[in-house]
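Chemist:
2 protein chains.
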Amino acid sequence: MAGIRDVARIAGVSPSTVSRVMNGTANVDDEKRRRVLAAIKETGFKPNELARALFKKSSKIIGVIVPDIENPFFNEFAKAVEEEAYGSGYRILLCNSNNDAEKEVTYIETLDQMNADGLIMATQNDSMTNELKVGMPIVAIDRKMTNGAEIACIESNHYKGGRLAAECLIKAGCKKIINVRGPQILTSAQMRFKGYQDVCEEYGIKQYVLDSSYSYESGFEVGKKILETYPDADGIIASNDMVAISIYKVLHHAGKKAPKNFQIIGFDDIRFSRLMTPELTSIRQPITEMGKLAAQIISRYQQHQDFQRENIFDVSLVERKTTKKLKTGK
Amino acid sequence: MAGIRDVARIAGVSPSTVSRVMNGTANVDDEKRRRVLAAIKETGFKPNELARALFKKSSKIIGVIVPDIENPFFNEFAKAVEEEAYGSGYRILLCNSNNDAEKEVTYIETLDQMNADGLIMATQNDSMTNELKVGMPIVAIDRKMTNGAEIACIESNHYKGGRLAAECLIKAGCKKIINVRGPQILTSAQMRFKGYQDVCEEYGIKQYVLDSSYSYESGFEVGKKILETYPDADGIIASNDMVAISIYKVLHHAGKKAPKNFQIIGFDDIRFSRLMTPELTSIRQPITEMGKLAAQIISRYQQHQDFQRENIFDVSLVERKTTKKLKTGK
DNA sequence: ATTTTTTATGAAACCATTTTCAAATCACTA
DNA sequence: TAGTGATTTGAAAATGGTTTCATAAAAAAT
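As given, the protein sequences belong to chains A and B, one line each in that order. Mapping of the first sequence onto the working numbering: residues 1 to 330, in sequence order. Mapping of the second sequence onto the working numbering: residues 1001 to 1330, in sequence order.
1. Taking beta-carbon pairs under 9 Å, can you tell me which members of the segment 1087-1102 of chain B lie near chain A?
2. Provide the residue span of the alpha helix (DSSP H) that contains glutamine 190 of chain A, from first to last.
3. In angstroms with no decimal places, state the Cα-to-Cα distance between serine 88 of chain A and isoleucine 297 of chain A.
4. Please identify the residue among B/Thr1110, B/Gly1003 and B/Lys1056 whose C-alpha is closest to the C-alpha of isoleucine 1040 of chain B.
5. Report the option in B/Thr1322, B/Arg1309, B/Leu1293 and B/Asp1306 whose CA atom is closest to the CA atom of glutamate 1084 of chain B.
6. Taking just the CA atoms, how far does isoleucine 270 of chain A sit from arginine 52 of chain A?
7. At a CB distance below 8 Å, what residues from the segment 254-275 of chain A approach chain B? Give them in sequence order.
8. Hey, glutamine 1129 of chain B and isoleucine 1108 of chain B: beta-carbon distance below 8 Å or not?
9. Using the beta-carbon of each residue, which ones in chain A are nearer than 7 Å to alanine 1053 of chain B?
10. For the segment 177-204 of chain A, which residues have a beta carbon sitting closer than 8 Å to at least one beta carbon of chain B?
11. From the DSSP secondary-structure annotation, give me the bridge partner or partners of serine 156 of chain A.
12. Measuring only the C-alpha atoms, how far is arginine 274 of chain A from lysine 171 of chain A?
13. Check methionine 1121 of chain B in the structure and name its three-state DSSP category.
14. Report yes or no: is there a C-beta of chain B within less than 8 Å of the C-beta of isoleucine 245 of chain A?
15. Measure the alpha-carbon distance for isoleucine 1283 of chain B versus valine 1318 of chain B and round it to whole angstroms.
16. If you draw a straight line from the C-alpha of asparagine 1157 of chain B to the C-alpha of alanine 233 of chain A, how long is it?
17. Mind checking whether glycine 266 of chain A and serine 246 of chain A have CB atoms under 8 Å apart?
18. Please report the distance separating the alpha-carbon of lysine 330 of chain A from that of arginine 143 of chain A.
19. Could you tell me the distance, in whole angstroms, from the CA atom of aspartate 112 of chain A to the CA atom of methionine 136 of chain A?
20. Could you tell me which chain A residues have their CB closer than 9 Å to the CB of glycine 1135 of chain B, listed as they occur along the chain?
21. Less than 8 Å between the C-beta atoms of aspartate 351 of chain A and tyrosine 86 of chain A, yes or no?
22. For serine 1215 of chain B and chain A, any beta-carbon pair shorter than 8 Å?
23. When you compare the segment 1209-1216 of chain B with the segment 1167-1182 of chain B, are there three or more beta-carbon pairs, one atom per stretch, that lie closer than 8 Å?
24. I think tyrosine 1208 of chain B touches lysine 1176 of chain B, with their Cβ atoms under 8 Å apart; what is that distance to the nearest whole Å?
25. Which residues in the same chain have their Cβ closer than 6 Å to the Cβ of alanine 149 of chain A, if we skip the five residues on either side of it in sequence?
26. Using a Cβ-Cβ cut-off of less than 8 Å, list which residues of the segment 1110-1126 of chain B approach chain A; keep chain order.
27. I'd like the list of long-range same chain contacts for leucine 1326 of chain B, defined as Cβ closer than 8 Å, with 5 residues on each side in sequence excluded.
28. Ordered along the chain, which non-local residues of its own chain (more than five positions away) have a Cβ less than 8 Å from that of glutamate 279 of chain A?
29. By a C-beta neighbour count over all protein chains shown, 10 Å radius and 16 as the cutoff for buried, is arginine 1192 of chain B buried or exposed?
30. What do you reckon, are the CB atoms on valine 1081 of chain B and isoleucine 1141 of chain B nearer than 8 Å?
31. In three-state DSSP terms, what is glycine 1235 of chain B?
32. Please classify glutamine 1308 of chain B as buried or exposed, where buried requires at least 16 other C-beta atoms within 10 Å of its C-beta.
33. Assuming contact is defined by CB atoms lying nearer than 8 Å, are valine 389 of chain A and phenylalanine 55 of chain A in contact in what I supplied?
34. Between alanine 343 of chain A and chain B, is the shortest Cβ-Cβ distance under 8 Å, so that the two count as touching?
35. Is the CB of lysine 1046 of chain B under 8 Å away from at least one CB in chain A?
36. Give every residue of the same chain whose Cβ lies closer than 8 Å to the Cβ of lysine 324 of chain A, excluding the five residues on either side of it in the sequence, and list them in chain order.
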């Protein structure tokens, strides 16, 4: 592989001049520029990014840490980050943490040692990662770090989402609504639950609560529990779309039809919610926009441009087939 | 950030000795080792991976190029690669090519300039990428490169898959089977189609063929076309699970029930095929095993260990609810 | 006790680039 | 024609590690 010295020798100039031609960082005599360009073409020279990154202290790599890339929410998110970042010359190092705090720490350290230009964290293990000292800017999704290491945070209006879900079911005529809430360590799950609680109080409705994680598996378990404990439930707010889908499956298998016998609503509006039959009603988060913004913030930070530290995205009700049609708008 | 020279100064030794202590690359006096270790702890020193990678010509990065990380097949695959690679100290640079040949080339070049240790390509644009000269080993998924750049290829027995799908439907009593085949540039789609054709000939059954890409969207279109052109079709072989899911939706929406009015089978056995209702019958590819193997091959190659160049995985019929139960095993 | 072998260690070279800095070249004016 | 200022240019330092190589010290062999 040809190096900058080879190019310089062929063009009859110094490596410095070749560098200047490539980066346009200073004036170069036209004749020499021509020779350098010719030599680059001849050798097929491509500068080594490592050497460049080492000197510049910037590797043009953004780390993206997600708990599970198989989770539709996170792969949609990661894809959006990748697309936006790619356009600005950044590359994505994908970190699948599996919710393993140690793995997260390892990844963060590696990224730091690689002179990564930024880190986008969509994870929840506060404990270990909060203490870490790193030299790169962090954009946190759905959480606030306590050590001020992050430059910005991005989240959805989960409280409103919780309210929307509860109101939707109440207005659709549900009398006994089970809230399958997500892990209460997560602010997202907390806020959604709070929204549900507040609406229930306002309407004077009794609250029924079950706990789940954010996975399909957990949805199956909760589904069974609903069948056993609340066989007369007619409304279910699932912790997210994946859980909603598996709860639906369990109830469907038990002979219950949606939305006739029960109505169910999820959160996130992942792609698959439109693909299942019946199509799932869901509270939409603008996942792609969130991913794009995350990448933009890192990019803007590196260019010393302005950006917003707190970014709260609006959520909306997407009415489909697992709930009964509402008449009124509000 | 402390560097190796700082550590050396504090420990009263040379940088070389610090390096030797860290990497265990040579004997070091016990007393000095102790002092070095203490100094490392004191300063919180972490070696810069870029400097290391630059000298060693190995960045411990594996590039994974996929057409679409949102596609369940590819995110399951990428996740498997990540897990396997992580265990061997490798990190994954995720490249979402969007089937854009130019983007692929850019990614390959970047990876090469980063001294990446390997590249796993699950893409189809032969044209441009085949000419590229790179210094890293390539593992190709479902394709053979013509320039011998790759060290190994991994694929499934798609021909057998095509046969299995056709036989399944025939034995389940289908009289008019539509084969919705995938893009015929891809060997995977070609082989599946060939399997279908051979079985049809053996059974003396008329062939009906439609074309699709591998996306949901294309499934919707084909679904409509089936309704228009072959309203009496009672068996559908979809190009993959995603297409099967959307075709199902279209037919279901038109009032047809599976498996009563029509039977449908997909390929790949992605996770969602178990999650939809009714559960989708599919030809299973061992996606996770394929991903793990891909990472292993790169790792073994770098350690100069043996590996197999041609790796063909077996496929199997996973009977679920969109086809009628078969009696006989074979 | 002397020679040979082995082991431990630091100085310096190396990886491939960018940037600083000082020198050389050039244009222009007095 | 010499002097001034602006512009180009290359040598060298820098980035932060690893490794080679030569040497010094210790251990083993004679």
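We treat Cβ as the ideally placed atom computed from N, Cα and C, and that holds for glycine.
Modeler: For this structure:
1. If you check each beta-carbon in the segment 1087-1102 of chain B against every beta-carbon of chain A, the ones closer than 9 Å belong to Arg1091, Ile1092, Leu1093, Leu1094, Cys1095, Asn1096 and Asn1098.
2. Counting along the chain, the alpha helix (DSSP H) containing glutamine 190 of chain A begins and ends at 187-203.
3. Here the alpha carbon of serine 88 of chain A sits roughly 11 Å from the alpha carbon of isoleucine 297 of chain A.
4. In terms of Cα proximity to isoleucine 1040 of chain B, the closest of B/Thr1110, B/Gly1003 and B/Lys1056 is B/Gly1003.
5. Ranked by Cα distance from glutamate 1084 of chain B, the options B/Thr1322, B/Arg1309, B/Leu1293 and B/Asp1306 are led by B/Leu1293.
6. Roughly 40 Å separates the two Cα atoms.
7. Residues of the segment 254-275 of chain A with a C-beta less than 8 Å from any C-beta of chain B: Arg271, Phe272 and Leu275, listed in chain order.
8. Before going further, note that residue 1129 of chain B is threonine rather than glutamine in the sequence given. Cβ atoms of threonine 1129 of chain B and isoleucine 1108 of chain B: closer than 8 Å.
9. In chain order: Leu50.
10. Listed by position along the chain: nothing, the set is empty.
11. Answer by DSSP bridge pairing, in chain order: A/Phe313.
12. Arginine 274 of chain A and lysine 171 of chain A have their C-alpha atoms roughly 22 Å apart.
13. If DSSP states are grouped into helix, strand and coil, methionine 1121 of chain B belongs with the strands.
14. Chain B, which has a Cβ nearer than 8 Å to the Cβ of isoleucine 245 of chain A, makes this yes.
15. Computed Cα separation, rounded: 6 Å.
16. Approximately 47 Å, taken between the alpha carbons.
17. Note that the C-beta distance between glycine 266 of chain A and serine 246 of chain A is not below 8 Å.
18. Only weak support is given to the placement of lysine 330 of chain A: the predicted model assigns it a pLDDT of 39, under 50, and the question is left unresolved by the model.
19. CA-to-CA, the gap between aspartate 112 of chain A and methionine 136 of chain A works out to about 7 Å.
20. Neighbours of glycine 1135 of chain B on chain A, chain order: Met1.
21. With chain A covering 1 to 330 only, the question about residue 351 of chain A has no answer from this structure.
22. The Cβ of serine 1215 of chain B sits no closer than 8 Å to any Cβ of chain A.
23. Counting Cβ pairs under 8 Å, three or more are found: they touch.
24. Under the criterion of beta carbons closer than 8 Å, tyrosine 1208 of chain B and lysine 1176 of chain B qualify as touching, at roughly 7 Å.
25. If we look at alanine 149 of chain A and ignore the five residues flanking it on each side, its Cβ neighbours are Ile138.
26. Within the segment 1110-1126 of chain B, the qualifying residues are Thr1110, Asp1112, Gln1113, Met1114 and Asn1115.
27. Closer than 8 Å at Cβ, skipping near neighbours: Cys1168, Lys1171, Ala1172 and Glu1319.
28. Answer for glutamate 279 of chain A: Ser273, Arg320, Lys321 and Thr322, listed in chain order.
29. Burial of arginine 1192 of chain B is indicated by the presence of at least 16 other C-beta atoms within 10 angstroms of its C-beta.
30. Going by C-beta atoms, valine 1081 of chain B is not nearer than 8 Å to isoleucine 1141 of chain B.
31. Residue state, collapsed to three classes: strand.
32. Exposed, by the Cβ-count rule.
33. For chain A, the structure presents residues 1 to 330; residue 389 of chain A sits outside this window and is missing.
34. This structure cannot speak to residue 343 of chain A, because chain A is shown only from 1 to 330.
35. For lysine 1046 of chain B, the answer is yes, since a Cβ of chain A falls inside 8 Å of its Cβ.
36. Taken in chain order, the residues that qualify are Ala172, Gly173, Pro259 and Gln263.
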